[in-house]
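In what follows, a structure is listed as structure tokens, so that the remarks can point back to it.
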Amino acid sequence: MKLRSVLIATAVALPLLALFLRGLGMDPRYIPPAIPGQPAPPFELERMAYDPEAEPSEPTSVRLDDYLGHVVVVNFWASWCIPCRQEHPALVAAAERYRDQGVVFFGILYQDQVRNARRWLAEMGGEAYPTLLDPGSRTAIDYGLTGVPETVIIDRDGIVSYKRNGVVTLDLLVREIEAALARSEEAA
Amino acid sequence: MRLGIIVLALLVFGAPASAESRAGTAGARIVAVPEAAMQGGEAQAQGAQVVTPSAAELELEQRTREVASQLRCPVCQGVSIEDSPTDLARDMRNVIRDQLAAGRSPEEVKAYFISKYGEWVLLEPEPRGFNLAVYVLPILALAGGTGLVAASVRRWVRQGNEEPQP
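These protein sequences, in sequence, are chains A and B. Residues are numbered in the numbering used here as their position in the first sequence, beginning at 1, plus a constant of 638. To convert, note that position 140 of the second sequence is 136 in the numbering used here; the numbers rise steadily by one, no gaps.
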């Protein structure tokens, strides 16, 4: 009788304990990205003037649809975001490295002031690729943003091939950009 | 004694029902000042006339709150978009309001957010598939526990009757 009780108690407690231990290893703030595999939500956003004194030489608004046929890397960032500072050199390096292969980089400013964003870019060594303004976070929500930094890679067919919530490294960017380039070639 | 267990069970089983009615109470909450009117607050402060929201605006606001209270704020911990004071939640409420105003149904608005954030964004998971465990397991556990207690108490009473106090 006693042995049976112990066995039943163990049988009930063990799965609960396993569930509890599994939960301990999970990050409550992790949200699995939902948009990879979907067509990239279109956007048409105003480009932030990095140097407001200079004459605008390029179109001041950017339409994602105009970049069909290119792999596009979109990085959501803000000057108040500490990890953004950490990952920025990797994004700049990747933008340099893939410029000749038609990979286009955009930053999208999230919940920030243009003045602070300009100062931040100047501190980080200048504007390596355009930063776009997203009033009301419409585009951010369209991309399922859960916080900055967040990076989205869109393949040549306009499909989201990768999304990361958190800091990216150069290795990771290279791997995912190569994958997006290869995927598009396969489809072609 | 049996009556006591029944009362206990009713109390415990009653709890999920009150949780379900939560969305209902949120919807029924009286809307004093809609957000659209609050954003006009700067104009008010400068001596402009007070904006009185129309019945249609109040209705839209109520429907916005209803949807917002069912969606999870991505930058918070277990808080709805309706209850979160963050900028992103405010922007998401604006998106909900715009979509409802454009004629989308609450279900379509929720589907939009699910397509962006996954089912994660629902505060109450849809009761199907594996999710059913969340709804069924507590009831099973309670029923099992109640049965265990009832059986034990019955056994103790019987033992007490069989063994007279020395």
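For each residue, glycine too, the CB sits at the ideal point set by N, CA and C.
By the Cβ rule, the segment 58 to 66 of chain B counts as touching the segment 78 to 94 of chain B, because three or more pairs are nearer than 8 angstroms. At a cut-off of 8 angstroms between C-beta atoms, K112 (chain B) counts as an interface residue with respect to chain A.
Membership of Y800 (chain A) in the beta strand (DSSP E) is indicated by the continuous run 798 to 803. A distance below 8 angstroms separates the beta carbons of L683 (chain A) and V700 (chain A). Under the 8 angstroms criterion on CB atoms, T784 (chain A) is classed as interfacial with respect to chain B. Ranking B:L133, B:L56, B:V105 by CA distance to the CA of D780 (chain A) puts B:V105 first.
Contact check for A766 (chain A) against V730 (chain A) passes: the beta carbons are separated by less than 8 angstroms. Judged by DSSP secondary structure, S643 (chain A) falls within the alpha helix (DSSP H) whose first and last residues are 640 to 662. By the criterion of at least three beta-carbon pairs nearer than 8 angstroms, the segment 766 to 778 of chain A is in contact with the segment 738 to 754 of chain A. Annotation: P679 (chain A) to D703 (chain A) spans about 10 angstroms, alpha carbon to alpha carbon. Cβ contact annotation for P674 (chain A) (same chain, cutoff 7 angstroms, sequence separation greater than five): V798, S799, Y800, K801, in chain order. Rounded to the nearest whole angstrom, the CA to CA distance from I110 (chain B) to E788 (chain A) is 18 angstroms. Taking a 10 Å sphere around the C-beta of G663 (chain A), we find fewer than 16 other C-beta atoms and assign the residue as exposed. Neighbours of L84 (chain B) in chain A, taken as residues whose beta carbon is under 9 angstroms from its own, are Y748, Q749, S775, A778, I779, L783, T784, G785 in chain order. Setting aside the 5 residues that flank it on each side, G740 (chain A) is surrounded in the same chain by H708, each with a C-beta closer than 6 angstroms to its C-beta; the list follows chain order.
Here the alpha carbons of A129 (chain B) and D94 (chain B) stand approximately 35 angstroms from one another.
Of the candidates B:V71, B:A97, B:R68, B:S50, B:A97 places its Cα closest to the Cα of T60 (chain B). Taking 8 angstroms as the threshold, the shortest C-beta distance from D87 (chain B) to chain A falls below it. Taking CB atoms only, I720 (chain A) has no neighbour in chain B less than 8 angstroms away. In the structure shown, the three-state DSSP call for E682 (chain A) is strand. For F109 (chain B), the uninterrupted alpha helix (DSSP H) run begins and ends at 102 to 113, by DSSP. Neighbourhood of P666 (chain A) in chain B, by CB distance below 7 angstroms: Q73, in chain order. Assigned with DSSP and collapsed to three states, V130 (chain B) falls in helix.
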